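Residue 230 in full-length UniProt numbering sits at position 230 of the sequence shown, and the numbers go up by one each step.
The beta carbon of each residue, even a glycine, is placed where N, CA and C say it ideally should be.
Because the structure is a prediction, the values reported are computed rather than measured.
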Amino acid sequence: MSAGIRTSHAGSLPRTPKLIDANAAKADAAVSDAEFGDLLEASVVDIVQKQKDLGITEPNDGEFGHDMAAQFDYGAWWHYSFNRTGGLKISGQGLWELPAQRSEPGNVRLTSFQDRRDRNLFPAAYSDPTAGTDTGTQPGFPQAVGPISYIGHEQVKRDIANVKKGLEAAGYDPARGFLNSLSPASAARIENKHYESYEDFVWAWADVLREEYLAITEAGLIVQIDDPSLAENFDQINPEPSIADYRTFTQLSIDALNHALRGIDPQQVRIHTCWGSWHGPHVTDLPFSAIVDQVLTINAAGITFEAANVRHEHEWKIWQETTLPDGKYIIPGIVSHSTNVVEHPELVADRITRFAELVGPENVVASTDCGLGGRVHPEIALAKLESLTQGAEIATQRLRQRAVV
């Protein structure tokens, strides 16, 4: 192997208290757009440099450009889209508090977030604020009350300019930088008051979000499509569907996403799927093996997935039987967002080596399970990234030695 194991992360990194306060102040008009813009730019340049210092080879802006919900700093992966989409109206808690819908064989339907089967199995734990399962105070979810449209052109233009400035200042190849963007099916998990069907709603989101994907990739950057819905939706369906029915339901998500990605070079696309970043038991998670073949049909070269947390680490074995298509590479989670314990570099190296021996070291980018922003303390998040890169160095040396032998 000529180059070392590449390293990255899922996207969200801890914001500074100053940036969090400024975001809240901006919402209250206590900080001008110009003042916030200057702080945001400086913060992105700083976080890109931190990634460089830590040895991350595939960096992003930490998702700093995604508007934060006022109540917390980790919801931006999804909530940022509310301000970039026309035709939405914030109304109460939306899907979070909808009465539970029931699903039927052959007619799979999402229930409310509160009706997740995992929550139903552990009601006392989820209602206990000391149990560590808190999913945060959710902001009001929007409803689609009219035709949706993309109105985030200025925001994504700002994100692109900021991360490019950071990449240049840190000495990165700009073609290795990425920005996160929401997937159509994940976006569609809000209340639909306008479209005839869920299917129509997903396809509408595909047309809307395509504009963001095009802006990012036409700027020469990589777009990471965040689509936890691919796996996570399984827990949000009552009663539990058959795998066959769920795969049919999920195929719509993939078809709509591929439609949104049409004409975009797959080498400029990463797809991130996960089982949700909240610290819950996750005993009702879908096995990755049930949909990995479908995920591999997405027009994305990079495939990111959870592989470090205790519910999914064993699934590295699926790559013993799953052939990675030419032109694709995997971005497995090697350190977890779900524990404060910092993974030992030797353990990191072990995990990386497993994947590298199965798909080739050139086809592995060591990463995090999910976003680190808001899920672990900033000090711990940086320590995890440092352990990740240290472990990647160990794995690189191991693999080189074995290649010589």
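With distances taken from CA atoms, which of the options is nearest residue i?
i, options, result
"residue 226", "245, 369, 186", "186"
"residue 214", "236, 258, 335, 244", "258"
"residue 220", "266, 320, 89", "266"
"residue 262", "316, 206, 238, 246", "206"
"residue 67", "59, 376, 77", "77"
"residue 260", "235, 203, 340", "203"
"residue 280", "365, 129, 250, 42", "129"
"residue 40", "158, 132, 169", "158"
"residue 8", "366, 379, 289, 395", "366"
"residue 287", "235, 51, 239", "235"
"residue 238", "57, 115, 29", "115"
"residue 23", "12, 36, 11, 321", "36"
"residue 57", "81, 3, 394", "3"
"residue 290", "277, 315, 391", "315"
"residue 172", "277, 49, 192", "49"
"residue 363", "340, 32, 348, 325", "325"
"residue 10", "174, 156, 224", "224"
"residue 144", "278, 232, 312, 83", "83"
"residue 183", "246, 133, 255, 124", "255"
"residue 317", "358, 222, 250, 133", "358"
"residue 381", "340, 404, 348", "340"
"residue 320", "299, 197, 190, 354", "354"
"residue 179", "142, 198, 268, 122", "268"
"residue 45", "31, 28, 89, 168", "168"
"residue 192", "89, 26, 31, 397", "89"
"residue 278", "30, 376, 26", "376"
"residue 190", "141, 155, 218, 174", "141"
"residue 199", "27, 251, 299", "251"
"residue 174", "233, 401, 299, 218", "218"
"residue 148", "85, 197, 25, 80", "85"
"residue 156", "81, 196, 397", "81"
"residue 233", "298, 371, 103, 197", "103"
Spatial neighbours of residue i within its chain, please: C-beta separation below 6 Å, excluding the five flanking residues on both sides.
i, result
"residue 328", "301"
"residue 309", "336, 338, 369"
"residue 342", "383, 384, 387"
"residue 188", "201, 202, 205"
"residue 351", "334"
"residue 52", "170"
"residue 62", "13, 47"
"residue 150", "208, 211"
"residue 43", "19, 64"
"residue 379", "none"
"residue 249", "108"
"residue 122", "281"
"residue 349", "391, 394, 395"
"residue 231", "273, 275, 286"
"residue 31", "22, 25"
Please report the Cβ distance between residue i and residue j, rounded to the nearest whole angstrom; I am assuming they are in contact, meaning their Cβ atoms lie under 8 Å.
i, j, result
"residue 273", "residue 228", "6 Å"
"residue 87", "residue 153", "Not really, about 16 Å apart at Cβ, beyond 8 Å."
"residue 54", "residue 389", "6 Å"
"residue 60", "residue 177", "6 Å"
"residue 253", "residue 216", "So it is not a contact: roughly 20 Å between Cβ atoms."
"residue 330", "residue 270", "About 10 Å separates the two Cβ atoms, so there is no contact after all."
Who are the Cβ neighbours of residue i in its own chain at under 8 Å, not counting the five residues just before and after it?
i, result
"residue 242", "105"
"residue 296", "303, 322, 324, 325, 328"
"residue 313", "307, 351"
"residue 293", "322"
Here's a check: name, in chain order, each residue in its chain whose Cβ is nearer than 7 Å to the Cβ of residue i, leaving out the five neighbours to either side.
i, result
"residue 73", "With a pLDDT of only 39 at residue 73, under the threshold of 50, the placement of this residue in the model should not be trusted; the figure read from the coordinates follows. Closer than 7 Å at the Cβ level, and outside the excluded window around residue 73, lie 15, 20, 373, 374."
"residue 345", "387, 390, 391, 394"
"residue 117", "235, 238, 240, 284"
"residue 245", "105, 106, 108"
"residue 282", "118, 275, 311"
"residue 131", "125"
List the endpoints of the continuous alpha helix (DSSP H) containing residue i.
i, result
"residue 345", "345–359"
"residue 208", "198–218"
"residue 39", "33–54"
"residue 391", "378–404"
"residue 20", "17–27"
"residue 257", "243–260"
"residue 293", "292–295"
"residue 155", "153–170"
"residue 229", "229–232"
Over what stretch of residues does the beta strand (DSSP E) that includes residue i continue unbroken?
i, result
"residue 119", "Premise fails: residue 119 lies in the alpha helix (DSSP H), 117–121, not in any beta strand (DSSP E)."
"residue 182", "178–182"
"residue 366", "365–368"
With 8 Å set as the bound, which would you pick, yes or no: does the beta-carbon of residue i sit closer than that to a beta-carbon of chain B?
i, result
"residue 211", "Note that chain B does not occur in the displayed structure, where there is just one protein chain."
Does the stretch 155–165 come close enough to the stretch 105–114 that 3 or more CB-CB pairs lie under 8 Å? no
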